[in-house]
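Working notes, beginning with the structure itself.
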Amino acid sequence: FFSLFSFILAWTFISLQIKEFRIMGLSINDSVYSSLFFFLTGLHFFHLLVGLFLSCLFFWGCSFPSKILYFLSLRVSEVHLFYNLQLFYWHFLEILWLFIFLVFYRL
Numbered sequence: 130f131f132s133l134f135s136f137i138l139a140w141t142f143i144s145l146q147i148k149e150f151r152i153m154g155l156s157i158n159d160s161v162y163s164s165l166f167f168f169l170t171g172l173h174f175f176h177l178l179v180g181l182f183l184s185c186l187f188f189w190g191c192s193f194p195s196k197i198l199y200f201l202s203l204r205v206s207e208v209h210l211f212y213n214l215q216l217f218y219w220h221f222l223e224i225l226w227l228f229i230f231l232v233f234y235r236l
């Protein structure tokens, strides 16, 4: 449930970020602030797309009933490795976004 919720929140953030880029009126060549803003938020945007791709792979892999028998024969640590790595990746993105938010939106 929470993985699906994270997926929905990531898509919401991406759509709002695209909207913000369009209405902000800044160009990447305007100032150092705008260049740094576009670089850091664009970097976060790229990492979110990678995270969404990993989530899609996870949901796609869980959707096959034939893989359930294969997963039952594996150890628990092998089954959850991909999911745990994906969770660590999302937490990395949360920390990155907190840094970006504190630097740009609170100045």
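First residue of the sequence shown: 130, per the working numbering; consecutive thereafter. The beta-carbon is built from N, C-alpha and C at its ideal position, and this holds for glycine as well.
Alpha carbon to alpha carbon, how far is residue i from residue j?
i      : j      : result
Phe136 : Ile157 : 29 Å
Asp159 : Phe150 : 14 Å
Ser163 : Trp226 : 17 Å
Phe233 : Phe166 : 7 Å
Lys148 : Asn213 : 32 Å
Leu155 : Leu145 : 16 Å
Gly180 : Phe217 : 10 Å
Phe182 : His220 : 16 Å
Ile224 : Arg235 : 16 Å
Grab the span of the alpha helix (DSSP H) containing residue i for me, first residue to last.
i      : result
Phe233 : Looking at the DSSP string, Phe233 is not in any alpha helix (DSSP H), and its letter there is neither H nor E.
Ile137 : Phe131 to Ile152
Leaving out the 5 sequence neighbours to the left and right, which residues in its chain are closer than 8 Å to residue i when beta-carbon positions are compared?
i      : result
Leu184 : Checking the displayed sequence, the identity of residue 184 turns out to be Ser instead of Leu. Excluding sequence neighbours, Ser184 sits near Ser132, Ser135, Phe136, Ala139 and Gln215.
Ile229 : Leu169, Thr170 and His173
Phe187 : Ser132, Phe211, Tyr212 and Gln215
Between which residues of its own chain and residue i is the CB-CB distance below 7 Å, once the five residues before and five after are set aside?
i      : result
Leu177 : Ala139, Phe142, Ile143 and Leu222
Who are the near neighbours of residue i in its chain, counting only those whose CB is closer than 6 Å to its CB and skipping five residues on each side?
i      : result
His209 : none
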